[in-house]
Amino acid sequence: MQTASDRVPASGSRQNNPRTSDPREKLIVALDVSTAAAAQKIAAAVGDSALTFKVGMQLYTAEGPQVVRDLVASGRRVFLDLKYHDIPNTVAAAVREAAHRGVSMLTVHAAGGGKMLHAAVQAARNANPELMVLGVTVLTSMDEDDLAKIGVHGPIVEQVTRLADLALAEGCQGVVASAREAPALRAKLGHKFAIVAPGVRPAGSAHDDQARVLTPAEAIAAGASHIVVGRPITEATDPAAAARAILGQIS
68 MQTASDRVPA SGSRQNNPRT SDPREKLIVA LDVSTAAAAQ KIAAAVGDSA
118 LTFKVGMQLY TAEGPQVVRD LVASGRRVFL DLKYHDIPNT VAAAVREAAH
168 RGVSMLTVHA AGGGKMLHAA VQAARNANPE LMVLGVTVLT SMDEDDLAKI
218 GVHGPIVEQV TRLADLALAE GCQGVVASAR EAPALRAKLG HKFAIVAPGV
268 RPAGSAHDDQ ARVLTPAEAI AAGASHIVVG RPITEATDPA AAARAILGQI
318 S
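Under this note's numbering, the first residue of the sequence shown carries the number 68, and numbering increases by one thereafter.
So this is what it looks like as structure tokens:
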């Protein structure tokens, strides 16, 4: 029987390699804005200080798939963070559409269950074997009181690990989790998968709506392979300089 630490990601592309030496491979810039023009302005301002840009629900709802096409056409990698959570057939169809638009990474809720996760992974493999499917564990805005209110009791790390194990067992190449849980995930599940950590803030930055926060250096040291940073870069006077400062912290 294959163990979690023995699982190898389906994709061998460089952006999916948690051990890459280029710090730009580890930084994802969140385009949490409402227009394609604003997103393109940020991407241009960041320049080659980052390779991957996150398109989430706000931007995608406002502008639709064209913003993804345009970013991909401009040579940028797109992390489509829509957190699919539906019946397996519906999620598989959505993943196929995302793959056809050239995204490099996308998210599905691990709480959707094994059948849904398996369908998402199979759809990605059939459409584009290089597409990384990530299982979302517990949102970084949540704490243990929030989990208890939806019927999940016990330490957050237990739920994160439970969902991560399920996602990897069904073929996901990585998970989305707070870097605070990364050490436990690495200890139990190994190193052959990606951990994408949102809720990362440079020292001195406001935490905003995030509950479980680490600095970029802390996140990478804890075991995260990628970090997602939004406002500290996108709202900076000089986004490229802000991105380079973070690259310096995680090098």
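From the three backbone atoms N, C-alpha and C, an ideal C-beta is built for every residue, glycine too. None of these values were measured; they are calculated from a predicted model.
Using CA atoms only, rank isn't needed, just tell me which of the options is closest to residue i.
| i | options | result |
| --- | --- | --- |
| T207 | T174, G266, P155 | G266 |
| G290 | V263, E302, P299, G297 | V263 |
| L141 | G180, D115, P222, A288 | Looking at the sequence provided, one finds Ser at residue 141 rather than Leu. Of the listed residues, the one whose Cα sits closest to S141 is D115. |
| G131 | T102, A117, Q107 | T102 |
| A261 | S292, V175, L173 | S292 |
| K255 | E237, K93, R247, D232 | D232 |
| T174 | F120, V162, A309 | V162 |
| R253 | A284, E237, A111, A288 | A288 |
| L184 | E164, G169, A246, A159 | A159 |
| S245 | V134, T304, D210 | D210 |
| F146 | V134, T157, T119, E164 | T119 |
| T301 | D89, V135, A284, A111 | A111 |
Are the CB atoms of residue i and residue j nearer to each other than 8 Å?
| i | j | result |
| --- | --- | --- |
| L230 | A178 | yes |
| P299 | T282 | no |
| S171 | R192 | no |
| D137 | Q107 | yes |
| H167 | A186 | no |
| V113 | V96 | yes |
| V296 | I313 | yes |
| A117 | L98 | no |
| V188 | E237 | yes |
Kindly identify the DSSP beta-bridge partner or partners of residue i.
| i | result |
| --- | --- |
| G11 | Because the chain here runs from 68 to 318, residue 11 falls outside it and cannot be looked at. |
| D148 | G123 |
| E138 | It is worth fixing the name first, because residue 138 is Leu in this sequence and not Glu. Answer is none; L138 lacks a bridge partner. |
| L94 | I294 |
Please decide whether residue i counts as near chain D, where near means a Cβ-Cβ distance under 8 Å.
| i | result |
| --- | --- |
| T174 | Protein chains in the displayed structure number just one, and chain D is not present. |
Please confirm if the segment 217-233 is in contact with the segment 190-207, defined as three or more CB-CB distances below 8 Å between the two stretches.
-> yes
Where are the alpha helix (DSSP H) runs, 4 residues long or more, that stay fully inside the segment 226-296, in chain order?
-> 249-256, 283-289
Is the segment 236-246 touching the segment 186-200, taking contact as three or more C-beta pairs under 8 Å?
-> Taking a cut-off of 8 Å on C-beta distances, the segment 236-246 touches the segment 186-200, as three or more cross pairs fall below it.
When the Cβ atoms of the segment 126-133 are set against those of the segment 150-158, are three or more pairs found closer than 8 Å?
-> no
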